[in-house]
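Going down the list, the protein sequences come from chains A, B, C, D and E. When we follow my numbering, the leftmost residue of the first sequence carries the number 2, and every step to the right adds one. When we follow my numbering, the leftmost residue of the second sequence carries the number 2, and every step to the right adds one. When we follow my numbering, the leftmost residue of the third sequence carries the number 2, and every step to the right adds one. When we follow my numbering, the leftmost residue of the fourth sequence carries the number 2, and every step to the right adds one. When we follow my numbering, the leftmost residue of the fifth sequence carries the number 2, and every step to the right adds one. Yeah, the Cβ is synthetic: ideal placement off N, Cα and C, and Gly gets one too.
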Amino acid sequence: MTPRVREILSWYGADNVGTLTNVARLLNHGRLAGTGKLVILPVDQGFEHGPARSFASNRLAYNPHYHFELAIEAGCNAYAAPLGFLEAGARDFTGEIPLILKCNDNNALLDEKDPNQALTASVQDALRLGCCAIGFTIYPGSAHQLEMFGQIRAYAEEAKRYGLAVVIWSYPRGSDLDKEGETAIDVVGYAAHIAAQLGAHIIKVKLPTAYIEQESARNVYDQLHVPIATLAERVRHVVECAFAGRRIVIFSGGPAVSDQDKLLDEVRAIHAGGGFGSIIGRNSFQRPKKDALRLLGAIMDIYAGAPDRLTA
Amino acid sequence: MTPRVREILSWYGADNVGTLTNVARLLNHGRLAGTGKLVILPVDQGFEHGPARSFASNRLAYNPHYHFELAIEAGCNAYAAPLGFLEAGARDFTGEIPLILKCNDNNALLDEKDPNQALTASVQDALRLGCCAIGFTIYPGSAHQLEMFGQIRAYAEEAKRYGLAVVIWSYPRGSDLDKEGETAIDVVGYAAHIAAQLGAHIIKVKLPTAYIEQESARNVYDQLHVPIATLAERVRHVVECAFAGRRIVIFSGGPAVSDQDKLLDEVRAIHAGGGFGSIIGRNSFQRPKKDALRLLGAIMDIYAGAPDRLTA
Amino acid sequence: MTPRVREILSWYGADNVGTLTNVARLLNHGRLAGTGKLVILPVDQGFEHGPARSFASNRLAYNPHYHFELAIEAGCNAYAAPLGFLEAGARDFTGEIPLILKCNDNNALLDEKDPNQALTASVQDALRLGCCAIGFTIYPGSAHQLEMFGQIRAYAEEAKRYGLAVVIWSYPRGSDLDKEGETAIDVVGYAAHIAAQLGAHIIKVKLPTAYIEQESARNVYDQLHVPIATLAERVRHVVECAFAGRRIVIFSGGPAVSDQDKLLDEVRAIHAGGGFGSIIGRNSFQRPKKDALRLLGAIMDIYAGAPDRLTA
Amino acid sequence: MTPRVREILSWYGADNVGTLTNVARLLNHGRLAGTGKLVILPVDQGFEHGPARSFASNRLAYNPHYHFELAIEAGCNAYAAPLGFLEAGARDFTGEIPLILKCNDNNALLDEKDPNQALTASVQDALRLGCCAIGFTIYPGSAHQLEMFGQIRAYAEEAKRYGLAVVIWSYPRGSDLDKEGETAIDVVGYAAHIAAQLGAHIIKVKLPTAYIEQESARNVYDQLHVPIATLAERVRHVVECAFAGRRIVIFSGGPAVSDQDKLLDEVRAIHAGGGFGSIIGRNSFQRPKKDALRLLGAIMDIYAGAPDRLTA
Amino acid sequence: MTPRVREILSWYGADNVGTLTNVARLLNHGRLAGTGKLVILPVDQGFEHGPARSFASNRLAYNPHYHFELAIEAGCNAYAAPLGFLEAGARDFTGEIPLILKCNDNNALLDEKDPNQALTASVQDALRLGCCAIGFTIYPGSAHQLEMFGQIRAYAEEAKRYGLAVVIWSYPRGSDLDKEGETAIDVVGYAAHIAAQLGAHIIKVKLPTAYIEQESARNVYDQLHVPIATLAERVRHVVECAFAGRRIVIFSGGPAVSDQDKLLDEVRAIHAGGGFGSIIGRNSFQRPKKDALRLLGAIMDIYAGAPDRLTA
């Protein structure tokens, strides 16, 4: 147990030892074990975007076993997926990598301005599948947001009682937000804070732009000169919004890009800004495995470097 | 226990032995026992379309006993029906054929662009009636889809705890989909994938056309040259969408047709494409029994031939 | 126990003996005991239509005891009413007549195109009141139909576990149906089938007209020459729609009429068509008791004649 | 509903209508229907004494169907038996005779001075089997008596909630009682009172002798000249002990006797003393059916005569 | 479904269809499928007698897989074992043979005159392991007998609700019985009757001797000339004690014997006496597999001959 991991665990003093043990498992697995950094492989895109859009470019990825293998070979800290994908491989890869069960999902067959998510798995499912954590998506800003907040409250309460950790995907959406607003720095910071207030141990958000969405917020950012010019500054701001660095905040890798340098620059900015890591889906499983392993390795190399901690 | 059935069971490693035993019972009954192929008789059309439209052409079919007898005499793997039809014959035909209890249903008295289904039976009903599985319909694309996903999640969790198997009818519907879109290859593949992610052991979809519904999907199919020209290719694609062939996908027979050759050609395409079988309702019980037995026999003959497996 | 009652009980093989015992009690009470026919007194019109509309023409009928006495003196098989009416007399008339507790009701204070019903009593109420059965209304075709189907599903499961019988009032309603459509032969047959699929032991529908509502059904009736010209033929068709005569289907008497001959002709047609009896509310309690007893006696005379059974 | 039955029901004002309905069913069935008298066939001797001792003298009685038929043909008010015997015929004889499920039993393989009973059936079993009542044995005086009192308390509470009646077999036993004491008048009266206090609707005791067991009681009987010289007086005393005749008390027929006149004299004494009837097991099923029917008929003849009521 | 199996199922009319389906599975599996006869392999001797005493003579039998294979290869109707043995092979042999989970066990480390059994598995265990039935041992005559009766009551109620069958091992034991008494004809018949009254579907007893243990019973056997001279007569008597042949009674094979002819003679007597089969443990798994298969084959040959039915 490294001092850094011990320090991180100390932030979650209200949790029982079972839950802390599972947070520790996530932090102590894979290539980044002990560093306090995480790279997680998430594969819920088949459900969220459709199977062909997700897997046709790398047909091996239709097979649920592929993702277990990719996460294990890459040395990821964890593999996160919906019920079906985990059920289809959990016994075959028992104990080889920490698992996060995505417990709610949406799809792309119906386009709604105020999206919601369906409950697609339970805390009891996570226990029987040997998962370390449940994953849950919220859409702050959606007309359905309060329903989702209430659901994760109940799920998190149950998960913590049984000793599981809680990962919240916090994605602003809704009829009052345009595309630009969904990644505005004020909105992303707000989304991270809400997830932290809902009791998440690990918070996943998108990388923020320098755009400010809300008038009421803009005044504050302008008058107080909150530094948000660079991506690293913005990452640092989001991490600060999540309890001044006392919650684990990780950032999504976004859609598959051909320009890997840009992606690695983003990772360097996350690292420089005190972010805790990345959750890299499409940029990993939509490439040939060899390329994916090389890219994930490069990302981990960056995170394995001397950390730049907000709380230091 | 044939090697093929054993192989299929190995895909469902997260399930308890009770559930696997019931999957095995479905695969090991009737004329196709042990082949890994299934032909199931479903009779929920009385509820879904009305009794006269369903049974007037073959009046014996008004009698719930008729369908038990038809399924048994034809050597089907299972008989699937709503609560009332199963209750009306379960004791009389105890142990003669595996039963699947359809647990939700809709009707044709109200035409809705975003249809939903009513819960019409429970997992406990399935247990007391000696069923091997529950059946559940979802309408991916409907404004009510998330509610249905949440319901099958809860039903599936309960079913799996008590050792039952789960069959999902996945029929895309909704205000964003026109009739053509409901059977578009991208949409059917997506529907199969969603059912798999929701934890289905057996997935029932309609036969897909070569039409592509979603703009976002069209690019993928076109650019990656996903082969969907022939029905067999499309079946293969749908099976791939359902965890690369690691989930049992069967196809509905559609409305009663006079041209049996066309129907048998479709079955040949399903078989050639690696599909796992057919669920044949109207094309069986709307014919005189003698004709239905002959047709079902011809269908089973095809499936009993050398299988063409995606996972081989 | 007459052979006919024994035969009827044999249709409900999935039920426990407790439920069968209560079905037998309904069939073995009153003047028609043992014939397999039923005449039931229902008095939920006070709730559904208002008290003055229901009882002002025969003021004694405001008194809940009046209906117990009427049903007992007439020799009805059972008395069906909402919670309040049963609670107001159940102890006074303990054990004198089988009771059916109507567990949901609507009223006439709010006119809705897509009506719903409120849950107004529970299965536990039925047990503490010594009832033989619960009664439940569904409105197939209403936008609320799926909610009602789900409710009766849960009620029926509980009732059957504790040994009660289930009576479903199946009345098509909804924004897609005009008044004529509500009693169209195709719609009434469909309504009877839905009630049977939902697990009803006894199904109550309105007498159908020769009108056909649904285009998709009309073709079937026309092309297959389904005989629906006479009322007896239509009754026979509805009984066939309810599992080929293997479920008890009874018909409502409709609004109070002065022309008793017409009413008795309808009863003759129900009897000739293989119907199982009548549920006669307004035509009994809205007359002076002496007249009501005479009319109910005449109705029972008809049913006590040689039955004309569909399943013979 | 006769005035006498209505009067009896009025004694049980704390019970819900469901329970009263089942008490009424017991009183209104068979040859003694409406008289307020009961003759019940109990067959738990196979369990309590062993099958050969119980049935070898009339081999047809090994068959559980035999007892249903005997009780029905004799016109008994009810048939009482343990779970297995009721399960083995309940569906075959649905609704033909009220059933009482004996919910606890002992056997003769272990001779204990302070006997106890095993719970062998539940209230839920009684509901699913369509029973009118549960039956329960207590051994007042046994070192295990308080455990049995606590069990019947819980069973009775549940039975009454669901609308069942409660029959208590109250048989004094225990290390402080010798054989003579078990049927002493003070002890039998005490046993009847305890059963009444425990909430029984129907109490079964053995016929008392004129012997007085307890010193503390003897003074009272002697000084107050309680009349116990004749059997009729003793019956009257026991009935008085059970709430002054406001509870139904019936008497067991004892071991099979060849001298039927003696048995009939006892019945005359029960009748003369205001007892409510007999529970006749071995004296009925251990004779050839023809003889049993004749004897039961003679017993019912006596009870059908003008009643001699304590409460008149 | 043979007429004989259908006849046997008709004896269990109080059970739900789920339970009947599992009784049918036991009767319709293996070499004796459809005959109404059963040969079951039980292996609880490791727990009851110790592993070396049980398996050292055929070391392969230490391996839990061995017993699955033996039962499958021999064509037994079912394999019965405690939790650990079933857990150790249930997934490996999914669906290959009906399983019976022994839910209580005792051991040989403590010698008690009044033995008891520990609850070692639950009904929910049986469901997750895909079993057809639970198995339960009672010791009629033991000072702990009432506790065991109460336990199987609760287990059987739960098993039957979820659709499982119930097998009771009924072995008289206790301080009032010496070794000779445990297999006395009166005691074995009594034990079979108690198991039937407790609601068993299948009853297992030891082969009875002509000895009579209880004084109270001896008179009956002597005076009524109950034929018990030959083993076949005694089997017939025990079957009669279990509801006149309306319950399935099977007989244990006893300790391993070298004289196979004696064992086969016993089987012939069971068959001649209308017994329903054998449960053969030590005489099968303590021999080399080849010999065991030959012996089990010979036993099944006898049972496959023309049945001699008590109820015919």
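>> Is there a C-beta anywhere in chain B that falls below 8 Å from the one on A:ARG1?
In response: Residue 1 of chain A lies beyond the stretch modelled for chain A, which goes from 2 to 313, so this question has no answer here.
> Can we say the segment 66–85 of chain B touches the segment 224–234 of chain C, given the rule of at least three CB pairs closer than 8 Å?
Replying inline: no
> Of all the residues that make up the segment 13–41 of chain C, which are near chain E by a beta-carbon distance shorter than 8 Å?
Replying inline: GLY14, ALA15, ASN17 and VAL18
> Are the Cβ atoms of D:VAL124 and D:LEU165 separated by less than 8 Å?
Replying inline: yes
> Does the separation of the CB atoms of A:ALA299 and A:VAL250 fall below 8 Å?
Replying inline: no
>> Taking a contact to mean a Cβ-Cβ separation below 8 Å, would you say D:ALA160 touches D:GLY131 in this structure?
In response: no
> Of all Cβ atoms in chain D, is any one closer than 8 Å to the Cβ of C:THR121?
Replying inline: no
> In terms of residues, what are the limits of the alpha helix (DSSP H) holding B:VAL18?
Replying inline: 18–28
> What are the boundary residues of the beta strand (DSSP E) that includes E:GLY191?
Replying inline: First, the amino acid is wrong: residue 191 of chain E is Tyr here, not Gly. Where E:TYR191 is concerned, there is no enclosing beta strand (DSSP E), although the alpha helix (DSSP H) it sits in stretches over 186–198.
> Got a sec: is the Cβ-Cβ distance from B:GLY51 to anything in chain C below 8 Å?
Replying inline: yes
>> Along the segment 145–161 of chain E, where does the CB come closer than 7 Å to a CB of chain D? Name the residues.
In response: GLN146, LEU147, PHE150, GLY151, ARG154 and GLU158
> What residues in the segment 224–251 of chain B have a beta carbon less than 9 Å from any beta carbon of chain A?
Replying inline: GLN224, LEU225, VAL227, HIS238, GLU241, CYS242, ALA243, PHE244, ALA245, GLY246, ARG247 and ARG248
> Per DSSP, C:PRO43 is paired with what?
Replying inline: C:ALA81
> What residue from D:ARG32, D:ARG7 and D:LEU10 has the CA that sits closest to D:ASP302's CA?
Replying inline: D:ARG32
> Considering A:GLY246, what are the terminal residues of the alpha helix (DSSP H) in which it resides?
Replying inline: Run containing A:GLY246: none; DSSP gives neither H nor E here.
> Using DSSP with H/G/I as helix, E/B as strand and the rest coil, what is D:VAL227?
Replying inline: coil
>> Does the CB of D:ARG129 have a neighbour CB from chain C at under 8 Å?
In response: yes
> What residue range is occupied by the uninterrupted beta strand (DSSP E) comprising C:SER279?
Replying inline: 278–280
>> If you follow the alpha helix (DSSP H) that B:GLY151 is in, where does it begin and where does it stop?
In response: 146–162
> For a contact meaning CB atoms closer than 7 Å, what does B:MET2 contact in chain E?
Replying inline: GLY96 and GLU97
> Mind pulling the chain C residues with CB within less than 7 Å of D:GLY164?
Replying inline: LEU128, ARG129 and GLY131
> What is the rounded straight-line gap between the Cα of B:ARG174 and the Cα of B:TYR191?
Replying inline: 12 Å
> For A:ARG310, is the classification buried or exposed, using 16 other Cβ atoms within 10 angstroms of its Cβ as the cut-off for buried?
Replying inline: The predicted model places A:ARG310 with a pLDDT of 41, which falls under 50 and marks its position as unreliable, so this point remains unresolved.
> Less than 7 Å between the CB of C:LEU42 and some heavy atom of the ligand HEM, yes or no?
Replying inline: The model depicted lacks the ligand HEM and carries no ligand whatsoever.
>> What does the alpha-carbon distance come out to for the pair A:GLU267 and B:ALA34?
In response: 55 Å
>> Which same chain residues end up closer than 8 Å to B:LEU199 when comparing Cβ atoms and leaving out the 5 residues on each side of it in sequence?
In response: ILE139, PHE150, ILE153, ARG154, ALA157 and ILE169
> If we ignore side chains and look at the alpha-carbon of each, how far apart do A:LEU28 and A:GLU97 end up?
Replying inline: 14 Å
> Are the segment 278–294 of chain A and the segment 254–267 of chain A touching by the rule of at least three beta carbon pairs closer than 8 Å?
Replying inline: yes
>> On the criterion of 16 or more Cβ atoms from any shown chain inside 10 Å, does E:VAL18 qualify as buried, or is it exposed?
In response: buried
> Of all the alpha helix (DSSP H) runs that stay within the bounds of the segment 100–144 of chain C, which reach a length of 4 or more residues?
Replying inline: 124–129
>> One question on the structure: do D:ILE204 and D:ILE41 come within less than 8 Å of each other, judged by their Cβ atoms?
In response: no
> In angstroms, rounded to a whole number, what distance separates the CA positions of E:LYS207 and A:ILE101?
Replying inline: 54 Å
> Below 8 Å between beta carbons: does that hold for B:LYS103 and B:PRO116?
Replying inline: no
>> Looking at the strands, I want to know which residues DSSP matches up with D:TRP12.
In response: Paired residue(s): none; D:TRP12 is not in a bridge.
> Can you tell which of B:LYS114, B:ILE9, B:THR20 and B:ARG5 has its C-alpha closest to the C-alpha of B:ARG162?
Replying inline: B:THR20
> Is it true that the CB of C:ALA201 sits closer than 8 Å to the CB of C:ARG129?
Replying inline: no
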